[in-house]
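Asks: Taken in order, these protein sequences are the chains called H and S.
The numbering of the first sequence is our numbering, which starts it at 241 and goes up by one.
The numbering of the second sequence is our numbering, which starts it at 241 and goes up by one.
Ideal placement from N, C-alpha and C gives every residue a C-beta, glycine not left out.
Owing to the predicted nature of the structure, the values given are computational and were not obtained by experimental measurement.
One structure, as structure tokens, below. Some questions next.
2 protein chains.
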Amino acid sequence: MSIAHHRRKQPELVRQQLLEVAARLSLEQGAAGVTLDAVSQAAGVSKGGLLHHFPNKMALLNGLFEDLTGKLDRAIEEEMRNDPVAHGRFTRAYLSVVFALEEEADAQGWQVLTIALLTEPQLRERWRFWVTDHADEFVGTDSSAGCLLARFAADGLWLADILKSHDVDQPMRHAMRAQLIALSQQ
Amino acid sequence: MSIAHHRRKQPELVRQQLLEVAARLSLEQGAAGVTLDAVSQAAGVSKGGLLHHFPNKMALLNGLFEDLTGKLDRAIEEEMRNDPVAHGRFTRAYLSVVFALEEEADAQGWQVLTIALLTEPQLRERWRFWVTDHADEFVGTDSSAGCLLARFAADGLWLADILKSHDVDQPMRHAMRAQLIALSQQ
DNA sequence: CTTGACAAACCGTCCAGACGGTATCTTAAT
DNA sequence: ATTAAGATACCGTCTGGACGGTTTGTCAAG
């Protein structure tokens, strides 16, 4: 008999909480900080409760992956709808989303994902599928050297943000973004 | 009294072996595969022996970091010596080294380092210092938007190589490299 | 009264590091 | 040139703790 037993049941909310906490923990303490004990405790749920929603740790990480790639997909789709030019459309949408990511609340989530991605071979595989799927889908419009390069540069900037290795100020960011958009059009 | 007790002492060689094995293990089994037991055993040394050379696990990772950034520094320095143009010289050297990395034997080592970097907050910090130190050193010649962008793009490509997410063929690589060099000159 | 949503105790494994020892190398006094 | 005295380079075992996962129990909603 505990508090959680008496509070109103809201499984979907608890599930979301768990994902959120997992992201935050890895941000603050590195990937090693994402343990079942730590996540469940920080989410105010018992370990059994966590394992009820996600049968094992991998499932939790997969949940994170799906949650976040889902948001990424929707954001990209949204951006693509507002772009009339076919050539490089996906690349520009990708740029917009990645550049916008820095201030987003979800940026934390993306950071954990990246780390987990590199750590877990399984997630590395899933990410590979995500990339190749999109590359295949837009092979007609976004496979030029310029487009590829632009996306790589965005990834590099994103990595720098994660590692906080460079400190790129706002005007510089805008200049770089403009240049990358130009690359996507050539 | 064991065999290893009687073999000739060669501390520097053993130390090198340990670093090499640590890099290889993380490549083959992910960062989780880098345990003191696994590393020491694969290097043909006891755990005690490993801990003699590196007093704790962090020291081992730090050793890897220094080993590899040392090589990186030397490679970059070498490249810079052959470049008569001051503006963007560091960036071009960086590009050369990163692009050459894909086939290098050390590429494995760099992969483990990247992973460990993202996983271990301490190493993240050290990497940050490496980057800012170099950025400061070449602030006069390599801080333009073009140079930054070129380096970011190289990082992105490197990340893609690690994740094997894109499969960039050789002609495309060369085209991209040429474009980035042009960026470093503008 | 059945089932979904948890709690709490527990288990086996793995791992970092400590520890106490032994063998080889170096140095320096004889 | 010898050799005693340390320093250095290892070996092999043990332990305490963390961590993923299981099991069993409990409550509440439908």
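Between which two residues does the alpha helix (DSSP H) containing Lys404 of chain H stretch?
Replies: Element bounds for Lys404 of chain H: n/a, residue is neither H nor E.
Asks: Less than 9 Å between CB atoms is the rule here; does Met241 of chain S satisfy it with respect to chain H?
Replies: Any reading at Met241 of chain S is ruled out, since the residue's pLDDT is 41, under 50, leaving its predicted position unreliable.
Asks: One question on the structure: do Ser424 of chain S and Gly328 of chain S come within less than 9 Å of each other, judged by their Cβ atoms?
Replies: Yes, Cβ-Cβ distance for Ser424 of chain S and Gly328 of chain S is below 9 Å.
Asks: Closer than 8 Å by beta-carbon distance: list the chain H residues that pair up with Pro361 of chain S, in chain order.
Replies: What Pro361 of chain S touches in chain H: Gln269 and Gly270.
Asks: Look at the alpha carbon of Val274 of chain H and the alpha carbon of Ile355 of chain H, and state the distance between them as a whole number of angstroms.
Replies: So the alpha carbons of these two residues sit roughly 11 Å apart.
Asks: Taking just the CA atoms, how far does Gln351 of chain S sit from Leu267 of chain S?
Replies: Answer to the nearest angstrom: the Cα atoms are 7 Å apart.
Asks: If you compare alpha carbons, which of H:Trp398, H:His293, H:Pro411 and H:His414 is closest to Val338 of chain H?
Replies: Checking every option, the nearest Cα to that of Val338 of chain H belongs to H:Trp398.
Asks: Give me the subset of the region 375-403 of chain H whose CB atoms are less than 9 Å from a CB atom of chain S, sorted by chain position.
Replies: Residues passing the 9 Å Cβ filter: Ala375, Ala385, Gly386, Leu388, Leu389, Ala390, Arg391, Phe392, Ala393, Ala394, Asp395, Gly396, Leu397, Trp398, Leu399, Ala400, Ile402 and Leu403.
Asks: Could you please give the first and the last residue of the uninterrupted alpha helix (DSSP H) stretch that includes Gly349 of chain H?
Replies: Start and end: Ala347 to Thr359.
Asks: Looking at the C-beta of Ile316 of chain H, does it have a partner C-beta in chain S at a distance below 9 Å?
Replies: Answer no: the Cβ-Cβ gap between Ile316 of chain H and chain S never drops below 9 Å.
Asks: Under three-state DSSP, which class holds Asp277 of chain H?
Replies: Here Asp277 of chain H sits in helix by DSSP.
Asks: Since Gly396 of chain H and Ala333 of chain S should fall inside the 8 Å C-beta cutoff, what is the C-beta to C-beta distance between them, to a whole number of angstroms?
Replies: So it is not a contact: roughly 17 Å between Cβ atoms.
Asks: Under 9 Å, do Gly303 of chain S and Arg255 of chain S count as touching if we go by C-beta distance?
Replies: Cβ atoms of Gly303 of chain S and Arg255 of chain S: closer than 9 Å.
Asks: Residues of chain H with CB closer than 8 Å to the CB of Ala415 of chain S, please, in chain order.
Replies: Correct list: Ala385.
Asks: Are there 16 or more other CB atoms within 10 angstroms of the CB of Glu318 of chain S, so buried, or fewer, so exposed?
Replies: Burial call: exposed.
Asks: Along the alpha helix (DSSP H) that carries Glu344 of chain H, what are the first and last residues, could you check?
Replies: Per DSSP, Glu344 of chain H belongs to no alpha helix (DSSP H) and is neither H nor E.
Asks: Output, in sequence order along the chain, the residues in the region 270-294 of chain H whose CB is closer than 8 Å to any CB in chain S.
Replies: Listed by position along the chain: Gly270, Ala271 and Ala272.
Asks: Does His283 of chain S come out as helix, strand or coil in the three-state DSSP assignment?
Replies: Before going on, a small fix: residue 283 of chain S reads as Ala here, not His. Residue state, collapsed to three classes: coil.
Asks: My output table needs one value for Ile243 of chain S: the three-state DSSP class, helix, strand or coil.
Replies: Summary for Ile243 of chain S: the model assigns pLDDT 45, below 50, so the residue's position carries little reliability, and this model does not support an answer.
Asks: The alpha helix (DSSP H) with Ala299 of chain H in it runs from where to where?
Replies: Taken as a continuous stretch (DSSP letters only), the alpha helix (DSSP H) holding Ala299 of chain H covers Lys297 to Arg321.
Asks: Shortest alpha-carbon distance to Val325 of chain H belongs to which of H:Asp382, H:Arg364 and H:His414?
Replies: If we check each option's Cα against that of Val325 of chain H, H:Asp382 comes out closest.
Asks: Less than 8 Å between C-beta atoms, sequence neighbours within five positions excluded: which residues of the same chain meet that for Ala400 of chain H?
Replies: Contacts found: His406 and Val408.
Asks: How many angstroms separate the CA atom of Ile316 of chain H from the CA atom of Asp313 of chain S?
Replies: If you take the alpha carbons of Ile316 of chain H and Asp313 of chain S, they lie about 38 Å apart.
Asks: Residues of chain S with CB under 8 Å from Trp367 of chain H, in chain order?
Replies: Within chain S, the residues near Trp367 of chain H are Leu403 and Ser405.
Asks: For my contact list, Leu363 of chain H and Leu403 of chain H are in at a C-beta cut-off of 8 Å; report their separation, rounded to the angstrom.
Replies: Incorrect: roughly 19 Å between the Cβ atoms, too far for contact.
Asks: Distance, Cα to Cα, Ala415 of chain H vs Leu276 of chain H?
Replies: Taking the straight line from one Cα to the other gives about 43 Å.
Asks: How would you list, in chain order, the residues of chain H whose beta-carbon sits under 7 Å from the beta-carbon of Val338 of chain S?
Replies: Result: empty, since nearest Cβ-Cβ is about 10 Å, beyond 7 Å.
Asks: In terms of residues, what are the limits of the alpha helix (DSSP H) holding His414 of chain S?
Replies: Taken as a continuous stretch (DSSP letters only), the alpha helix (DSSP H) holding His414 of chain S covers Gln410 to Gln425.
Asks: DSSP three-state call for Asp382 of chain S: helix, strand or coil?
Replies: Asp382 of chain S falls in the coil class under three-state DSSP.
Asks: Taking Cβ-Cβ distances shorter than 8 Å, what residues in chain S pair up with Thr354 of chain H?
Replies: Ordered by position in chain S, the residues that pass the 8 Å Cβ test against Thr354 of chain H are Leu358.
Asks: Just the C-alpha distance for Gly380 of chain S and His374 of chain S, rounded to the nearest angstrom, thanks.
Replies: Their backbone Cα atoms lie some 11 Å apart in a straight line.
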